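Numbering (this note's numbering), first residue to last: 11 to 311.
Before any comments, here is the structure.
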């Protein structure tokens, strides 16, 4: 069984249509910075947990409160996380969003960077990718859902013995689409494996994943290694993260994943949340079929 149970279950297309994610504007008093210099130098006044949580939200784009509780359970108490969020909201470094799902008794908050938080992090860590806050409105609720997929997967990975670290939006070989999530695991005896994850939503247009896979296939067939900065030149596994088994079979049938050179796996969200990481990966076979794997790499503590 899985040790991580997401506060929002895997959503069907119909569920996703009933999902509402909207900004909360009725916050109490907030502080107004009077200059750019005052804003960027304010970082030195933040406590350790305030800095850690601000940076985590920035790197992961949209983070639900329960994600923070789970990922930092060994580091910060619920009260310290909540207090840090209140300070970051007071100084308008983050924005708070209400998450509701029609016909489900789900009420939760999510957090993203504000314009102030974006400017502060870009000043101090200009080489990192941060999703510009104004772009959230262009993409609507689906950008939140896409990053929640990645963070849910990260929550399952976090306490696996083999997990060594992850990078969001890694700097990757030119010619390959930048994945939102990549991670590295230890296979024992100095063997490491890099995983590149492209998550799909049930609402995605088919062309999106088709373009990503076509670029990957062309690059790998050219004989080059897929290299990601800061993860080392290790064997790389392509993972397509999908919601359901039905969707996995459809994608495999459409894109012929079994014919792509190198290692390609499907990770199915509904299996991930019910059976855990060890059983969530599937091998694509001919004619759209898939085979569930028992992945020893991902036994959890």
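Backbone N, C-alpha and C fix where the C-beta goes; we use that ideal spot for every residue, glycine too.
Since the model is a prediction, treat every value here as computed from it, not as a measurement.
Local conformation of residue 225 per DSSP, three classes
helix
Pop quiz: residue 291 and residue 172 are said to be a contact at Cβ under 8 Å. What is the actual Cβ separation, rounded to whole angstroms?
Actually they are not in contact, since the Cβ atoms of residue 291 and residue 172 sit about 13 Å apart, beyond 8 Å.
How many Å lie between residue 63 and residue 296 at the Cα?
44 Å
DSSP on residue 135, reduced to helix/strand/coil?
coil
For residue 215: DSSP bridge partner residues
In DSSP, residue 215 forms no bridge with anything.
Taking only three categories from DSSP, how would you classify residue 204?
strand
Can you give me the Cβ contacts of residue 32 inside the same chain, cut-off strictly under 7 Å, excluding the 5 residues immediately before and after it?
107 and 108
In the structure shown, what three-state DSSP assignment does residue 188 receive?
coil
What does DSSP give as the partner residues of residue 198 in its beta bridges?
201
Other residues of its chain near residue 305: CB distance less than 6 Å, five sequence neighbours each side excluded:
288 and 291
For residue 94, which three-state DSSP category applies?
helix
Could you check where the alpha helix (DSSP H) with residue 255 kicks off and where it finishes?
255-265
Span of the alpha helix (DSSP H), counted from its first residue to its last, around residue 79:
75-81
Would you report the Cα separation of residue 87 and residue 29, rounded to the nearest angstrom?
29 Å
How should residue 21 be labelled, buried or exposed, when 16 other C-beta atoms within 10 angstroms of its C-beta is the threshold for buried?
buried
Candidates 279, 16 and 282: closest to residue 116 by CA position
16
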